[in-house]
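>
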Amino acid sequence: MLAGCVPHGGERQFVQSQAYHVGDEPLALKDLGWKAYAGDVSAGYGAEPLWIRLNVTPVPDLAADADIEITVSPNYLDQIDLYDLAFKKDRHQSVGERFPLSNNAQPALMYTFSVPNGAVPRIILLRVKTASARLVKLTALPLKEARQYNTEIISAHTIILVLFLVALCLACYMWMLKADSISTAFLMLQTVAFLYGAVMLGFSRLLFSHMISPEMQDMASRGLIVGYSFANFCFYYVLLLSLGLKKWVARTLQFLLSCIVVVLALYLFGQEWQAFQANSVLLNLWAFLFVPISIWGVRWRRFSDRPTIIGKKFLIGYAIAVFVANSLFTLSLVNVKTIPFFNVYGGLVNGILTSFIMVYFLHKRAQNFKAESTLALKQMRMAYENQKDISESRELFLGLLNHELKTPLSTILLASAERIPTKRMKLLSEQAARSMVEILKLSSESLPYIDHVVEPNFKTIDAKLLLEQVVGAQLNTQRFVLDLNSGCDVVADTTLLTIILNNLLENAIKYSPGGTFVVVSLARRDPSTVQISVSNEVSEAASKNVHRFFEKYFRSTESGRQEGLGLGLYLAKTLAELQRGALECEVVANRMCFTLNLFSAEAYDKHA
Numbered sequence: 001m002l003a004g005c006v007p008h009g010g011e012r013q014f015v016q017s018q019a020y021h022v023g024d025e026p027l028a029l030k031d032l033g034w035k036a037y038a039g040d041v042s043a044g045y046g047a048e049p050l051w052i053r054l055n056v057t058p059v060p061d062l063a064a065d066a067d068i069e070i071t072v073s074p075n076y077l078d079q080i081d082l083y084d085l086a087f088k089k090d091r092h093q094s095v096g097e098r099f100p101l102s103n104n105a106q107p108a109l110m111y112t113f114s115v116p117n118g119a120v121p122r123i124i125l126l127r128v129k130t131a132s133a134r135l136v137k138l139t140a141l142p143l144k145e146a147r148q149y150n151t152e153i154i155s156a157h158t159i160i161l162v163l164f165l166v167a168l169c170l171a172c173y174m175w176m177l178k179a180d181s182i183s184t185a186f187l188m189l190q191t192v193a194f195l196y197g198a199v200m201l202g203f204s205r206l207l208f209s210h211m212i213s214p215e216m217q218d219m220a221s222r223g224l225i226v227g228y229s230f231a232n233f234c235f236y237y238v239l240l241l242s243l244g245l246k247k248w249v250a251r252t253l254q255f256l257l258s259c260i261v262v263v264l265a266l267y268l269f270g271q272e273w274q275a276f277q278a279n280s281v282l283l284n285l286w287a288f289l290f291v292p293i294s295i296w297g298v299r300w301r302r303f304s305d306r307p308t309i310i311g312k313k314f315l316i317g318y319a320i321a322v323f324v325a326n327s328l329f330t331l332s333l334v335n336v337k338t339i340p341f342f343n344v345y346g347g348l349v350n351g352i353l354t355s356f357i358m359v360y361f362l363h364k365r366a367q368n369f370k371a372e373s374t375l376a377l378k379q380m381r382m383a384y385e386n387q388k389d390i391s392e393s394r395e396l397f398l399g400l401l402n403h404e405l406k407t408p409l410s411t412i413l414l415a416s417a418e419r420i421p422t423k424r425m426k427l428l429s430e431q432a433a434r435s436m437v438e439i440l441k442l443s444s445e446s447l448p449y450i451d452h453v454v455e456p457n458f459k460t461i462d463a464k465l466l467l468e469q470v471v472g473a474q475l476n477t478q479r480f481v482l483d484l485n486s487g488c489d490v491v492a493d494t495t496l497l498t499i500i501l502n503n504l505l506e507n508a509i510k511y512s513p514g515g516t517f518v519v520v521s522l523a524r525r526d527p528s529t530v531q532i533s534v535s536n537e538v539s540e541a542a543s544k545n546v547h548r549f550f551e552k553y554f555r556s557t558e559s560g561r562q563e564g565l566g567l568g569l570y571l572a573k574t575l576a577e578l579q580r581g582a583l584e585c586e587v588v589a590n591r592m593c594f595t596l597n598l599f600s601a602e603a604y605d606k607h608a
């Protein structure tokens, strides 16, 4: 359909020229250095007008006065003038970003002209003026085919814009999960990216042409180009700053951020071409610096013992992806034949890819934050339940202590009120005092372990010597039968082990029938275990509660008038486990035996 005007070559041609209009002089025939091209025109960045001359060959099956639609893209071209020299009517038409949408021959996302099919081949000239990338893609089709082509373009552009919208929605979602500086900067970036995509793809011009003047649309589109770069720099600055940068990197980023602010100022003061030039230089400079900054500019060693906000491999890979995408886009501006796809959509595709890469990263980060929050909440609940149990234990403990102290105090008060002989009163007072001393002693020993605040102090102990000392300190030593083997050293806390043994011995004396003996034995069960056993006779009824002996505050119904808090055996088992030992109880033939197993000194280090 569109062929060059060279007689036998059949190529399209273009030239850069400051000429503004054709006039009556046949500019198409002048030797201005026309360059043949195939496909799309790409003349890099610049403000100089681009002239394209086309040889339109009539469509054979179409009438001479039937319309042919010429479509020009991309959507950020300022002004496109068409000169059809063979016809007096509509020989000059103008469309572009700075013209109303009604100038287009058809309402479309791109710029359109309608020209007659004609009867003979003829030359058509197009003058394209832009303030940024000089990219031009031309199609010439009959009206029906042009409308179908326009529908396909709208569908493709809609998909691209929907991807921007999805990225924006995901950014909003992640910002709601954790509204920190990174999520906020990313949300700002995606908001600008969505608006940028809507303008660059032509939707804003198509949808709001009757509401917004061409001047406002033009200003918005140009402002978004620079604003998108500014949002990108802000996001990268916040992201990298959160990782802990070396001084030279921080200064470099601050310098680039200052430069983009200057670019914004240039644009606001009407220096559009200078602003776009500076913006292009900064984007290419950043794409080049991003890779070495991600490798050498971040203090990765500071994260050697804890997870980073973003992984080193991920950041380096992301920087390489940005560099490759930017390089492809830049090369396509210089030579469209190199990478034809990137000539129009390169910036948008780059924006979509990098957006979804960061969406994936921030989604993972949000998941980690959610997991950490769940774990922290679970730990807080566990701490609360633990503190609640401790508080309940303290209250119950103090209640029992209050109850048990009333018995000896009542005995003393009763003896004082009644006329009891002095000798009998002295005996009662001594018994009451001993009971209170025993209760207070047990309470002082038990309270720290109820609160779980004591850590054992392990050391090697001669178990035989310690047992002899503990048994010798008992009042009724004549009731103990000792069977102690030598060479049974254990690793334990002396104070805690003494408390265990005292509780076991006192429990055996307290609940065994009078005139019976308590047998204390010490032996090695195996090379790694030392076994201490305390056994005594019990009634048949007492053996039924053996499974509850280690419960906190449990007191057997067979205890009769014996004072106590029901904590002795619970405390002994707790302290045994605290020292990596085990305390067990069994009743055989009306004889109850408590067995304490501890690591031997030789085997302890292997299990530590």
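Mapping of the sequence shown onto the UniProt record's numbering: position 558 corresponds to residue 558, and the numbering continues sequentially without gaps. Just so you know, even glycine gets a beta-carbon here, dropped at the ideal spot from N, CA and C.
Buried or exposed, going by whether 16 or more other CB atoms sit within 10 Å of the CB of Met-382?
So Met-382 ends up on the exposed side.
> Along the chain, where does the alpha helix (DSSP H) that runs through Met-188 open and close?
From DSSP, the alpha helix (DSSP H) with Met-188 extends over 181 to 200.
> Below 7 Å CB to CB, which residues in the same chain sit around Ala-508 once its five sequence neighbours on both sides are set aside?
Cβ within range, chain order: Val-518, Val-534, Asn-536.
> Can you look up Cys-259 in the DSSP assignment and give me helix, strand or coil?
Three-state result, Cys-259: helix.
> Determine, using beta carbons only, whether Glu-69 and Leu-141 come nearer to each other than 7 Å.
Yes; because the gap between Cβ atoms is below 7 Å, this pair is in contact.
> Where does Asp-489 fall in DSSP's three states?
The answer is strand: DSSP assigns Asp-489 an E or B state.
> Could you spell out the range, first to last residue, of the beta strand (DSSP E) harbouring Arg-222?
Arg-222 -> not in any beta strand (DSSP E); alpha helix (DSSP H) instead, spanning 214 to 241.
> Identify the continuous alpha helix (DSSP H) that holds Met-174 and give its terminal residues.
Note, Met-174: alpha helix (DSSP H), 143 to 177.
> Taking all protein chains shown into account, do 16 or more other C-beta atoms lie within 10 angstroms of the C-beta of Asn-457, making it buried, or fewer, making it exposed?
Asn-457 should be labelled exposed.
> Drop a sphere of 10 angstroms on the beta-carbon of Val-491, count the other beta-carbons inside from all chains shown, and report buried for 16 or more, exposed for fewer.
That one is buried.
> Grab me the residues of Val-226's own chain with a C-beta within less than 7 Å of its C-beta, minus the 5 sequence neighbours each way, in chain order.
Correct list, in chain order: Val-263, Leu-264, Tyr-267, Ala-275, Asn-279.
> Can you give the Cα-Cα distance for Ala-319 and Ser-242, rounded to whole angstroms?
Answer to the nearest angstrom: the Cα atoms are 16 Å apart.
> So Asn-284 packs on Thr-252, CB below 8 Å; how close in whole Å?
That pair is no contact at about 15 Å.
> Helix, strand or coil: how does DSSP classify Ala-66 here?
Reduced to three states, the DSSP call for Ala-66 is coil.
> Would you say Val-249 and Gly-297 are within 7 Å of each other, going by their C-beta atoms?
It is a contact, given that the beta carbons lie within the stated cut-off.
> My output table needs one value for Asp-24: the three-state DSSP class, helix, strand or coil.
Below a pLDDT of 50, predicted positions are generally treated as unreliable, and Asp-24, at 47, falls in that range; no measurement from the model is reported.
> Are at least three pairs of beta-carbons, each pair with one atom in the region 195 to 209 and one in the region 143 to 161, less than 8 Å apart?
Output reads yes: the region 143 to 161 touches the region 195 to 209.
> Expressed to the nearest angstrom, what Euclidean distance is found between the alpha-carbon atoms of Asn-597 and Asn-503?
Each residue's alpha carbon lies about 16 Å from the other.
> Would you call the region 138 to 152 in contact with the region 76 to 95, where contact means no fewer than 3 C-beta pairs closer than 8 Å?
In short, these stretches do not touch, since the Cβ pair count stays below three.
> Can you find the residues in the same chain that come closer than 6 Å, C-beta to C-beta, to His-403, ignoring five residues on each side of it along the sequence?
With a pLDDT of only 47 at His-403, under 50, the local geometry of the prediction cannot be trusted, and the value read off the model is given with reservation. Counting only Cβ-Cβ distances below 6 Å, and skipping sequence neighbours, we find nothing.
> Within a Cβ cutoff of 7 Å, which residues of the same chain sit near Asp-24, ignoring the five residues on either side of it in sequence?
Low confidence applies here, because Asp-24 scores a pLDDT of 47, under 50, leaving its location unreliable and the question unanswered by this model.
> Sorted by chain position, which residues of the same chain lie with C-beta nearer than 8 Å to Gly-33's C-beta, five sequence neighbours on each side aside?
Hits under 8 Å: Val-15.
> Could you please give the first and the last residue of the uninterrupted beta strand (DSSP E) stretch that includes Gln-531?
That run of the beta strand (DSSP E) goes 529 to 537.
> By Cβ distance below 6 Å, which residues in the same chain neighbour Lys-573 in space, the five residues on each side in sequence not counted?
Only Phe-550, Leu-583 meet the Cβ criterion.
> Between Val-128, Phe-361, Tyr-511, Asp-84, which lies nearest to Glu-97 when the distance is taken from Cα to Cα?
Here the closest residue by C-alpha is Val-128.
> Residues bridged to His-92 by DSSP?
Note: His-92 sits in a beta bridge opposite Tyr-83.
> Three-state secondary structure (DSSP) at Asn-597?
Asn-597: strand per DSSP, three-state reduction.
> Report all residues from its chain with a CB closer than 6 Å to the CB of Leu-362; omit the five preceding and five following residues, and keep chain order.
Closer than 6 Å at Cβ, skipping near neighbours: Met-174.
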